[in-house]
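Worksheet for the structure shown next.
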Amino acid sequence: MSKPSRSRPLSRLVATAATAVLALGLSAAARADILIGQTAGFTGQVAASVKELTLGARLYIDHVNAAGGVNGQKIDLQSLDDGFDPKRAAANAQTLIDKGAVALFLTRGTPHTQAVMPLLEKAQVPLVAPSTGAMLLHKPVHPYVFNVRSTYQREAERAVQLLLEMGNTRIALVQVNDTFGADGVAGAMNGFNDRKTKPVAHFTYEREKPDIAGVVKQLIAADPQVVLLVASQQITAETINALRAAGSRILGATLSNNASNGFVQLLGQNAAGVIVSQVFPSERSTNLAMVRELTDLVKAKPAESGGLVTPAMMEGFASAKVLVEGLKRAGKDASRAGLLRALNNMSRYDLGGMELNFSATDHTGTNYADIAIIDPRGRFLR
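The sequence shown runs -32 to -1, 1 to 350 under mature numbering (1 follows the signal peptide of the UniProt record, and there is no 0).
Laid out in structure tokens, this is it:
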């Protein structure tokens, strides 16, 4: 009597095993992380504020991931340091795009974001919440750039208007010599023109090798009541510190790119009284849901945040909320095209007391602008 054949049961076993492996592979693919790429200056002139900005975003993304992610997928935010160098920013962006990033996120700096922009249309990848208020990101509408914060022109205009309303009739302007500086000054001049007046002086830094001592000497000679500085946190802090070291009592004012605890630390004992414009509600406005939400996340991770909510963290947090909402609305299509469609239809999105609107013809997002004064304890008071 012949032995029963084992070929058929063995083949079925192999087939079953292969099917199981394939199923596991498909399941793993379905659960693949959603890669989000960021390039920013984690070292260099803006390092302190970039770290706070990114911390605010990561606190929210970690919270979302801990709750199961977006449509069952975790968000993987990969951040690369560009040292605040536009060429490195472009190279980093290309690396992240090549790795399959669904979106770029929270780039920092106007020239740096400009360097990234040509890559967006080529790869058809959206850039969500660039941390710059450059007007060139708003007009004309770039199909792949989705702004969350207000423009530099809007906040600089409002800052000048409020400084004039406070009785400051002699205001000087100092700008870095790049697209960021030009943009901020254009807004400031709108504020002056609105009140039919002019700055008493206007000086310029070179971005790579700023002559801070020379600018300080010119400012003291011009003798303004206030100087509005449109520059990075490092240069702005060094200028104000140099003014104080020279015995000058000229009041310092700057834009929201410097609204961070890191900026306060760079100023040290000279921080009190410095005016900083703001593009998000006060971090102490706990009547707003978004402020309460971030405050709770900060309290839950005091080792990471130091237990302190800052304006820079608020920007990062709000930006992450917009990114996550876009991914949620994209549904199971967590792709570049799916996210683009979702963002272009994100109207009247409530961040928790602050409304954001996107459409195919408007990627500005929000238009909030205010000013704060740093108090002796290093807090931004409204």
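Cβ coordinates follow ideal geometry from the N, Cα and C atoms, glycine included.
The DSSP-derived three-state label of Ala59 is helix.
Gly215 counts as exposed, since fewer than 16 other C-beta atoms from the protein chains shown sit within 10 angstroms of its C-beta. The region 222 to 238 and the region 118 to 127 touch, with no fewer than 3 CB-CB distances between them shorter than 8 Å. Each residue's CA atom was taken as its position, placing Leu307 and Asn238 some 44 Å apart.
By the Cβ-count criterion, Asp151 is buried, with 16 or more other Cβ atoms from all chains shown falling within 10 Å of its own Cβ. DSSP places Ile180 within a helical segment (H, G or I) once states are collapsed to three. At the C-beta level, Phe52 and Gly12 come within 8 Å of one another. DSSP places Leu196 outside any alpha helix (DSSP H); the residue lies instead in the beta strand (DSSP E), whose first and last residues are 194 to 198. Using a Cβ distance threshold of 8 Å, Ser287 and Ala97 count as a contacting pair. Taking every protein chain shown into account, the CB of Gly24 has 16 or more other CB atoms within 10 angstroms, so this residue is buried.
Here Leu196 is near Ala156, since their CB atoms are less than 8 Å apart. DSSP places Val244 inside the beta strand (DSSP E), whose first and last residues are 243 to 246. By a beta-carbon distance limit of 8 Å, Val116 contacts Thr334. Their separation comes to about 6 Å. Beta-bridge partners assigned by DSSP to His170: Leu141. For Asp49, the uninterrupted beta strand (DSSP E) segment begins and ends at 43 to 49. The beta carbons of Asp146 and Pro79 sit closer together than 8 Å. Collapsing the DSSP output to three states places Gly333 in a strand.
For Arg56, the closest of Asn39, Thr81, Gln46 by C-alpha to C-alpha distance is Thr81. One thing to note: Thr75 has its Cβ within 8 Å of the Cβ of Thr7. Taking Leu295 as reference, the option from Val38, Asn33, Ala34 with the minimal CA-CA separation is Val38. Linking Val128 to Gly346 through their CA atoms gives a straight-line distance of about 23 Å.
Beta-bridge annotation (DSSP): Ala302 is not paired with any residue.
Nearest neighbour of Gln193 by Cα position, chosen from Leu132, Gln233, Gly284, turns out to be Leu132.
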